[in-house]
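Chains as they are written, first to last, in our numbering: chain A, 27 to 359; chain B, 27 to 359.
Right, here's the structure in full:
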């Protein structure tokens, strides 16, 4: 869709979570990332070389990738001049936000001037069907979370990478902008029209070999008042054989919803399984993926042990420990 | 949005359910309907005067309303010539389907020729916010169903009509094309982009007087694999104080999903209540609305009595019995 090397644009990200798109690209395609651009007050940092737009052009950057999200998915007003400068210097700009680059006259003008391109990866490019609910061949695993931004994409990518390493048949199925940038294709689910959400996921995960796994990236949370409908479409469209529960134990309230505490892993398990078994009676919860980035190693291991005993299924942090035990659990279903 | 008198276009509807949009308009605005147009093989019938397009023009019809839905919500190819004839004769055409009248060149040309207008009521005209999940003032009631097309809109309209008759403060909140045609405003929820679904319902049912009821039209079903995400957004965006369970007892498989039986009323109650109480812990299931149109009076009354005893809450068919007992139940919550 667009070419490396990338300059990751982190804008004025208020925290690391706001730059999860950039983090995802860097974690899974580090070889494609040559630098980052941070505005004043930016609280995110990928740990790569900071570049000005001039330096980026001199370094041969092909694409500036907007790797930051603000609430509502809008292109920040303060970003326009920076992105415009990059476009005028001949670099493409890629963006997965709700508001489109192509709707910003200043950017359209800058791209024309620089002979560069605007890539709105968020716009669905396929006419999705209405979901049929018909049973499909092959295996599917869906990551579901107690909240948004708890590591569902990371978990799915780690499982897919581990499966491939073991010589198993596996495909990462991207459902969000970052995942699509990483995988090269997918469904930008949160931009799909309501009636076609589940159908788009059926389309993304078609009939396959009996021993092939689709590892489906999750979105939102069944318990997140803003986005639960999107998650529901993944559960019913994805027809999962296995669910991986994803959680971030230090989160006190749900992302963007200060009035809501997170559900427990038991609540997530019971609700997600009940809903998933409606379309696939054999669906099971295979394991738990915990994002322990805000805990010490000792705390993390103690927490994982505790959760594993309480829930009776493997609980790991794939970032610290790899996804081997999750893959083992999927193979034993 | 467009003017009466209407000619209801029933096209080649394979059954009465396919013409539920026309039926809804006729049930709630009978004074606006002057006739119907049925093509060969049409199995739907509103019981009003059949008219040719020529007769409709002579009778002073202002708008031909497309009152038929086929799977996927597409404008039938065989409809184009009829609708084109109406447009050329100077009548407007209104339509709530996925495919837009404005995207059919033959219709655009016919409208230009006839000086008439195309009304695509399905296109959202508002930029909806992301849902905040914040508690709102006023009371809200949401109709949820064991399946699509079981009478959720009818139930909501009947409750609203009964509340107004009793002098209570009530507003019918339309979430589908038919409801919007009836009420004059609302959210065409199934056409809203995924991320904004719950936000659109918050927008539709804002803060209100403590004793005011929003009676929210339901969509889809939490158990319908194609549309459950849409229903989920209604449950979390609507923040209901009360749920009315809607059911059609003679339905053997879910609409459009021949592989799926309907869930039980108990399954619907437990799942819907669990999900609704996440955003409104005080939410209760107030009553059950049963569509007994395919049962005899005797069968219907026996069934309702049985359900009421089993579930412990009022069970009525508002079409046969009115919505009085449902309103009473809502007032007693």
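Quick reminder that beta carbons are idealized off the backbone N, C-alpha and C, glycines included.
In this text, all values refer to a predicted model and were calculated from it rather than measured experimentally.
For the stretch 230 to 260 of chain B, the beta-carbon criterion of a distance under 7 Å to any beta-carbon of chain A is satisfied by 249, 251, 252, 253, 254, 255, 256, 258, 259. When only Cα atoms are considered, residue 299 of chain B and residue 56 of chain B end up about 35 Å apart. The straight-line gap separating the alpha-carbon atoms of residue 116 of chain A and residue 271 of chain B is approximately 59 Å.
The C-beta distance from residue 178 of chain A to residue 171 of chain A rounds to 5 Å, short enough to fall under 8 Å. Residue 300 of chain A: member of the alpha helix (DSSP H) spanning 291 to 305, first to last residue.
Residue burial is scored here from C-beta neighbours: residue 359 of chain B has fewer than 16 other C-beta atoms within 10 angstroms and is therefore classed as exposed.
Using a Cβ-Cβ cut-off of 7 Å, residue 299 of chain B does not count as an interface residue toward chain A, since no Cβ of chain A sits closer than that to its own.
Distance from the CA of residue 269 of chain A to the CA of residue 289 of chain B, rounded to the nearest whole angstrom, comes to 22 Å. With the rule of 3 Cβ pairs closer than 8 Å, the stretch 44 to 58 of chain A counts as touching the stretch 89 to 101 of chain A.
A contact between stretches requires three or more CB pairs, one per stretch, nearer than 8 Å, and the stretch 326 to 339 of chain A fails this requirement with the stretch 221 to 234 of chain A. Interface residue (Cβ-Cβ distance to chain A less than 7 Å): residue 216 of chain B is classified as such. Between residue 217 of chain B and residue 252 of chain A the beta-carbon gap is near 19 Å, outside 8 Å, which marks them as no contact. According to the DSSP assignment, residue 118 of chain B belongs to the beta strand (DSSP E) that extends over 118 to 121. Under the Cβ criterion of 7 Å, residue 273 of chain A is not counted among the residues facing chain B.
Under the DSSP assignment, residue 185 of chain A falls in the alpha helix (DSSP H) whose first and last residues are 178 to 191. For residue 32 of chain A, the closest alpha carbon among the candidates A:275, A:186, A:63 is that of A:63. Residue 37 of chain A is positioned such that its CB atom lies closer than 7 Å to that of residue 102 of chain A. Against chain B, a Cβ distance below 8 Å from residue 221 of chain A picks out 99, 124, 216, 217, 252, 253, 256. Put simply, the stretch 231 to 251 of chain A touches the stretch 189 to 202 of chain A. At least three CB pairs are less than 8 Å apart.
Spatial neighbours of residue 28 of chain B in its own chain (CB-CB distance under 6 Å, excluding positions within 5 residues in sequence) are listed in chain order as 89, 118, 120, 145. By the criterion of a C-beta distance shorter than 7 Å, residue 246 of chain B is surrounded in its chain by 174, 253, 254, 256, 257, once the five residues flanking it on both sides are discounted. Leaving aside the five residues that flank residue 139 of chain B on each side, the residues in its chain whose CB is nearer than 7 Å to its CB run, in chain order, 114.
In this structure, DSSP gives residue 45 of chain A a helical state, which the three-state scheme calls helix. The C-beta separation of residue 317 of chain B from residue 274 of chain B comes to about 4 Å, placing the pair in contact by the 8 Å criterion.
The distance from the Cβ of residue 238 of chain A to that of residue 195 of chain A is about 4 Å, consistent with a contact at the 8 Å cut-off. When the beta-carbon positions are compared, residue 208 of chain B and residue 54 of chain B come within less than 7 Å of each other. In the three-state DSSP reduction, residue 262 of chain A falls in the helix class (H, G or I). When secondary structure is reduced to three states using DSSP, residue 308 of chain A falls in the coil class, being assigned neither helix nor strand.
Restricting attention to A:308, A:184, A:282, A:124, the CA atom closest to the CA of residue 249 of chain A is found in A:282.
For residue 287 of chain A, the three-state secondary structure derived from DSSP is coil. Interface annotation, residue 206 of chain A: not in contact with chain B, CB-CB separation never under 7 Å.
Contact check for residue 61 of chain A and residue 80 of chain A: beta-carbon distance about 12 Å, past the 8 Å limit, so the pair fails to qualify. For residue 224 of chain B, the C-beta contacts it makes with chain A under 8 Å involve 251, 252, 253, 254, 255, in order along the chain.
Contact annotation for residue 157 of chain B against chain A: 251, 252 [CB-CB distance below 7 Å, chain order].
The alpha carbon of residue 343 of chain A has as its nearest neighbour, out of A:320, A:356, A:357, the alpha carbon of A:320. The beta-carbon of residue 305 of chain B is placed less than 7 Å from the nearest beta-carbon of chain A.
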